[in-house]
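Numbering (the working numbering), first residue to last: 10 to 86.
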């Protein structure tokens, strides 16, 4: 997997995370994540990262929904 395609490096760069922070979020050890960033990422680790990213996306959507809901409440009252 090339450096450009490595999901660990890409995710850490996009989210401003260290390998240790990403490892904690996905339930892996820092050494495992660090080693995988320089080589092949296992399917399980890749899936864990994908699920973590999806969770972040859903949390953002929920925040947006809550903000919208509050705006509607204020407009009605």
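Backbone N, C-alpha and C fix where the C-beta goes; we use that ideal spot for every residue, glycine too.
Everything numeric in this text was worked out from a predicted model, so none of it was measured.
{"Asked": "Three-state class that DSSP yields for residue 51 in the structure shown", "Found": "coil"}
{"Asked": "Whether residue 28 touches residue 42 by CB criterion (8 Å)", "Found": "yes"}
{"Asked": "Cut-off 7 Å between Cβ atoms - residues of its own chain near residue 46, not counting five sequence neighbours on either side", "Found": "15, 17, 18 and 28"}
{"Asked": "Backbone CA spacing between residue 74 and residue 53 [nearest angstrom]", "Found": "31 Å"}
{"Asked": "C-beta atoms of residue 57 and residue 35 nearer than 8 Å", "Found": "yes"}
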